[in-house]
Amino acid sequence: MTTTQFDLDSCLLCMTARSSKLFAKKFNLALQPFGLTKSTWTAIYYIDKHEQINQKALAELLGIKGPSLVKIIAQLQLAQLIKVTPSPIDKRERLLTLTPAGLTRLNDGLPLAGEFQQQVTHGITQADLDIAATVMTQMLENAEQL
-1 MTTTQFDLDS CLLCMTARSS KLFAKKFNLA LQPFGLTKST WTAIYYIDKH EQINQKALAE
59 LLGIKGPSLV KIIAQLQLAQ LIKVTPSPID KRERLLTLTP AGLTRLNDGL PLAGEFQQQV
119 THGITQADLD IAATVMTQML ENAEQL
């Protein structure tokens, strides 16, 4: 049996992928009352953090490609949560900023995000969380080099 050479159930990469999907699903459910998804809430989070950001930089932060970002931007514009303006330097570049409604929606979700993180990490010491963050950061850096 060749499957004894590699255990998919204890593979850290596979466990990370499974947990990421589960966390996204549960966070999406928690954000539903605010009319947001994990993707749209994360986008407005990064737009706020950078005050104004271009689409390419936002796509990189979200880890998605252009077409997926276009859908998110369209949803956020339709909900009047962001404003899209041409860059004064390069008219082809679009700059994204939060509207007052977008800032309100972001602020509505912040306590929820903190509570969600606390629930998911319940029973795990801060030292273990710090180690996990260090390991994940190194794994991400290693994967970027592939």
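For the sequence shown, counting from 1, position 116 maps to 114 in the numbering used here; every step adds exactly one.
We put the CB at the ideal spot given by N, CA and C, even for glycine.
Just so it is clear, the structure is predicted and the values come from calculations on it, not from any experiment.
So what does DSSP say about Pro109, is it helix, strand or coil?
-> Counting from 1 along the sequence shown, the entry for residue 109 is found at position 111. DSSP places Pro109 in the helix class (H, G or I) of the three-state scheme.
Which residues bound the alpha helix (DSSP H) around Ile80?
-> Locating residue 80 in the sequence shown gives position 82, counting from the first residue. Premise fails: Ile80 lies in the beta strand (DSSP E), 80 to 84, not in any alpha helix (DSSP H).
Rounded to the nearest angstrom, how far is the Cβ of Gln78 from that of Thr97, given a contact under 8 angstroms?
-> Within the sequence shown, numbered from 1, the residue matching residue 78 stands at position 80. Within the sequence shown, numbered from 1, the residue matching residue 97 stands at position 99. Taking 8 angstroms as the upper bound for CB-CB distance, Gln78 and Thr97 are in contact here, some 6 angstroms apart.
Strand pairing of Leu74, partner residues [DSSP] | On the sequence shown, residue 74 is found 76 positions in, with the first residue counted as 1. Beta-bridge partners of Leu74 (DSSP): none assigned.
Please look up how many angstroms separate the CB atoms of Lys81 and Thr102, rounded, as I've assumed it's under 8 angstroms.
-> Residue mapping note: residue 81 aligns to position 83 of the sequence shown, counting from 1. Residue mapping note: residue 102 aligns to position 104 of the sequence shown, counting from 1. At roughly 14 angstroms, the Cβ-Cβ gap does not stay under 8 angstroms, so Lys81 and Thr102 are not in contact.
State the beta-bridge partners of Leu27 as determined by DSSP.
-> Counting from one through the sequence shown, the residue named residue 27 turns up at place 29. Leu27 pairs with nothing; no bridge assigned.
Spatial neighbours of Thr119 within its chain, please: CB distance less than 7 angstroms, with the 5 preceding and 5 following residues excluded, ordered by chain position.
-> For the purposes of this step, residue 119 is taken as residue 121 along the sequence shown, with counting starting at 1. These residues qualify, in order along the chain: Leu127.
Which residues in the same chain as Phe32 place their Cβ atom closer than 7 angstroms to its Cβ, once the five residues preceding and following it in sequence are excluded?
-> Position 34 of the sequence shown holds residue 32. Contacts found: Arg103, Asp106, Gly107.
Check whether the Cβ atoms of Leu20 and Thr40 sit closer than 8 angstroms, and answer yes or no.
-> Stepping through the sequence shown from its first residue, residue 20 is reached at position 22. Stepping through the sequence shown from its first residue, residue 40 is reached at position 42. No. Outside cutoff.
Keeping to the same chain, check which residues put their C-beta closer than 7 angstroms to that of Pro182; ignore five residues upstream and five downstream.
-> Shown here, the chain extends from -1 to 144; a query on residue 182 therefore has no answer.
Tell me whether Gly112 is buried or exposed, calling it buried when 16 or more other Cβ atoms sit within 10 Å of its Cβ.
-> Residue mapping note: residue 112 aligns to position 114 of the sequence shown, counting from 1. Its Cβ having fewer than 16 others within 10 Å, Gly112 is exposed.
When you compare only the Cα positions, how much space is there between Pro84 and Lys23?
-> Position 86 of the sequence shown holds residue 84. Position 25 of the sequence shown holds residue 23. Near 34 angstroms, if we compare the C-alpha coordinates of Lys23 and Pro84.
Between the C-alpha atoms of Phe114 and Leu29, what's the straight-line distance to the nearest angstrom?
-> Taking the first residue of the sequence shown as 1, we reach residue 114 at position 116. Taking the first residue of the sequence shown as 1, we reach residue 29 at position 31. About 10 angstroms.
Cutoff 8 angstroms: Asn52 Cβ touching any chain B Cβ = Absence of chain B from the displayed structure is noted, only one protein chain being present.
DSSP three-state assignment for Thr95, whether helix, strand or coil = To locate residue 95, count along the sequence shown from 1; it is residue 97. In the structure shown, Thr95 sits in a strand (DSSP, three-state: E or B).
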